[in-house]
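The number in the working numbering is simply the position in the sequence shown, starting from 1, with 88 added.
No residue lacks a Cβ here, since even glycine has one placed at the ideal position from N, Cα and C.
What follows is a short report on a single structure.
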Amino acid sequence: MTMKPLGARDKKVMRLLLEGNSRFAIASKMKLAPRTVYNIVEKLVYLGYIRQVPGTKSPAIYEQLLSPETNPPTGDYKGKGGKDGAAISKDGTPLGLGGIRYDKECPDGYVEAHLNGAIPYDLKRVGTFDDPQIKGRGYVGAWERSKVSKHNGCSYHSGFIRIDGVDTYFTYRVGDKGSQTFTLYPKRICLDPCLYKTEEDAKSVFLDRANLVAEILAYTGWKLENPQLKGKFHYAIPHHPLAQLLPKGVGSPDDDIIIDTSPGCPEAEMENPDDWTKVQIFANMPSHILEAENNIQSLFAKVDELDSLLDGILNVQQKTTVAVLNNAENISRLVQSDAQLSALILNNQESVVYTYGNTSIDKKLEGYQ
Numbered sequence: 089m090t091m092k093p094l095g096a097r098d099k100k101v102m103r104l105l106l107e108g109n110s111r112f113a114i115a116s117k118m119k120l121a122p123r124t125v126y127n128i129v130e131k132l133v134y135l136g137y138i139r140q141v142p143g144t145k146s147p148a149i150y151e152q153l154l155s156p157e158t159n160p161p162t163g164d165y166k167g168k169g170g171k172d173g174a175a176i177s178k179d180g181t182p183l184g185l186g187g188i189r190y191d192k193e194c195p196d197g198y199v200e201a202h203l204n205g206a207i208p209y210d211l212k213r214v215g216t217f218d219d220p221q222i223k224g225r226g227y228v229g230a231w232e233r234s235k236v237s238k239h240n241g242c243s244y245h246s247g248f249i250r251i252d253g254v255d256t257y258f259t260y261r262v263g264d265k266g267s268q269t270f271t272l273y274p275k276r277i278c279l280d281p282c283l284y285k286t287e288e289d290a291k292s293v294f295l296d297r298a299n300l301v302a303e304i305l306a307y308t309g310w311k312l313e314n315p316q317l318k319g320k321f322h323y324a325i326p327h328h329p330l331a332q333l334l335p336k337g338v339g340s341p342d343d344d345i346i347i348d349t350s351p352g353c354p355e356a357e358m359e360n361p362d363d364w365t366k367v368q369i370f371a372n373m374p375s376h377i378l379e380a381e382n383n384i385q386s387l388f389a390k391v392d393e394l395d396s397l398l399d400g401i402l403n404v405q406q407k408t409t410v411a412v413l414n415n416a417e418n419i420s421r422l423v424q425s426d427a428q429l430s431a432l433i434l435n436n437q438e439s440v441v442y443t444y445g446n447t448s449i450d451k452k453l454e455g456y457q
C-alpha cells in the first residue's frame, strides 16, 4: 500500500536534522523523548527521505533525498529495533552515536572531551542482570557479577557496554535504606570542536551515549530516563606545546588554559570555557605553533642565505674598489708623465724621467725637436 505523507512532527524533526541538530538536541527543542526522535529519524532513513552523508560522524550529517511532501515508495514501515521500535539500523547496529574518535593520541584539530563527574539517570524500573545485547548483533557488554561490592551498607553492581571499541561503565547502587540509583561513567571522547556550534552541542554527544546505553539496557527490562550531566567538562590535548611553557597545576579561575599532569603525561586543557570559539582555536593551536616554528626556521634560512649573498657582494665591491683605486693612480701617473713630456718638449729638453713605483727611466727625446 502507499504510505501517507509525513506528519507535521516528522517534518519538523527532518527540518531540524537537516539543519545540523543532533537527535538529542531535537528532542530537547521539541520536548520529546529521545527514543521518539530516534525512531522518527530511523523512519525517515528507512523510507528514503534522508540519508547519512558517508564519512560524517559525531555529529552525523544528513542530506535530503525526497521532499517531505512526497509520498514514500509503496510499502509499510515497521520499526527495525524489535521491542518498542528502538533506533537500531538494518544491520543491527545502533543508529548514529558511533564513529567517535578513540585514537591512542588525540588527532590534530581534535580535543579529548571528558566529564569530571558522571551521568545519573532517573531510574524508573530495575531490570535483570543479564548481559546487555542487541537483537541481531549479539552481546555488547556484561555485568561484572564477581565485582558486586558492599560499602557502608550499600551494594554496588557494575557493568559495561562497549561503544566504538571502548568499554563505558555504569553502576547500579542500592542504598542501606532501599534507595536506588543508576549512574554512567563516560570515557573520553576525541571530537573536532569546529564541527559543533556551541558547547551544549558538544555535550549532547555524551547525552547521546547515555541514551544509547538506556536503549540497550531496555532489552533486559531496565527503564532509565532523563540522563543528567553532573560535573565539569574539560577539553584536553596531551603533550600540547604549551605544556612546556605554562606552570603545571591549577591556576587562577581566570586562566583559560591550565596544565594537568594527573593523566600520567602533561596535557593542556580548558575547563568550562566561556566561549566555544576558544576551544576551536585551542584545538588547532598545535598546528599553528608548528607552522609558525617552520616559518621562523624558513626565515632564518633565508637570512643566512642573504648574509652569504651580501658577503659575496661586499667582497666583489671591495675588490672592485681596490682595482678602481689602482687604475686611478696609474691614470694619474700617466697624466703627470704626459704633462712632464709636454713641458720638456716646449723647453727643448733632451730627455724626460718616467717613474713607475720605485723605478725611474730616463728617456731620450729624439725626434721631438
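Check	Outcome
Using beta-carbon positions only, say whether isoleucine 347 and phenylalanine 370 come within less than 8 angstroms of one another.	no
Please list the terminal residues of the continuous alpha helix (DSSP H) segment that includes alanine 115.	111-118
Applying the 10 Å Cβ sphere with the 16-neighbour rule, what's the burial state of cysteine 194?	buried
Secondary structure at isoleucine 138, three-state DSSP: helix, strand or coil?	strand
Would you report the Cα separation of isoleucine 228 and leucine 300, rounded to the nearest angstrom?	The residue asked about is misnamed: residue 228 is valine in this sequence, not isoleucine. Valine 228 and leucine 300: Cα-Cα distance of roughly 12 angstroms.
In the DSSP assignment, find the unbroken beta strand (DSSP E) run with phenylalanine 321 in it and report its ends.	318-326
Helix, strand or coil for phenylalanine 294 per DSSP?	helix
If we ignore side chains and look at the alpha-carbon of each, how far apart do alanine 324 and glycine 400 end up?	51 angstroms
Please work out which residues of its chain come closer than 6 angstroms, Cβ to Cβ, to aspartate 98, disregarding the five sequence neighbours upstream and downstream, and give them in chain order.	Ile128
Looking only at C-alpha atoms, which of Tyr150, Gly205, Ala206 and Tyr260 sits nearest to glutamate 232?	Tyr260
Hey, how far is the Cα of proline 315 from the Cα of alanine 331?	34 angstroms
Could you tell me the distance, in whole angstroms, from the CA atom of glutamate 357 to the CA atom of lysine 275?	16 angstroms
I'd like to confirm the pairing. Which residues does DSSP put opposite glutamate 417 in its beta bridges?	None, per the DSSP bridge assignment.
Using the C-alpha atoms, what's the distance from glutamate 157 back to leucine 135?	13 angstroms
If I measure Cβ to Cβ from alanine 115 and keep anything under 8 angstroms in the same chain, skipping five residues before and after, which residues do I get?	Ala121, Pro122, Thr124 and Val125
Return the first residue and the last residue of the alpha helix (DSSP H) that lysine 100 is part of.	96-106
Do you know whose CA, among Val262, Val133, Ala206 and Asp218, lies nearest lysine 291's CA?	Ala206
So, with DSSP's three-state summary, where would you put isoleucine 222?	strand
Under DSSP, the beta strand (DSSP E) around asparagine 314 begins and ends at which residues?	Segment: none, asparagine 314 is in no beta strand (DSSP E) and carries neither H nor E.
CB-CB under 7 angstroms to threonine 523, same chain, minus the five flanking residues each way: which ones, in chain order?	Outside the shown range of the chain, which is 89 to 457, sits residue 523, and nothing can be said about it.
Excluding the 5 residues flanking tyrosine 209 on each side, which residues of the same chain have their C-beta closer than 6 angstroms to its C-beta?	Phe270, Leu312 and Pro315
Could you tell me the distance, in whole angstroms, from the CA atom of leucine 132 to the CA atom of serine 350?	45 angstroms
For glycine 163 and methionine 102, I'd like the C-alpha separation in whole angstroms.	With a pLDDT of only 44 at glycine 163, under 50, the local geometry of the prediction cannot be trusted, and the value read off the model is given with reservation. Between glycine 163 and methionine 102, the C-alpha separation is close to 20 angstroms.
Where tyrosine 456 and alanine 416 are concerned, what is the direct C-alpha to C-alpha distance, given to the nearest angstrom?	At tyrosine 456, the pLDDT of 44 sits below 50, so the modelled position is not reliable; the number obtained from the coordinates is stated separately. Approximately 29 angstroms between the Cα atoms of the pair.
Can you tell me which of Ala230, Ala96, Lys100 and Glu107 puts its alpha carbon nearest to the alpha carbon of leucine 283?	Glu107
Starting from arginine 261, follow the beta strand (DSSP E) in both directions and report where the run begins and ends.	254-262
From the DSSP output, in three-state form, read off tryptophan 213 for me.	Looking at the sequence provided, one finds arginine at residue 213 rather than tryptophan. Arginine 213: strand per DSSP, three-state reduction.
When you compare only the Cα positions, how much space is there between glutamate 303 and lysine 117?	20 angstroms
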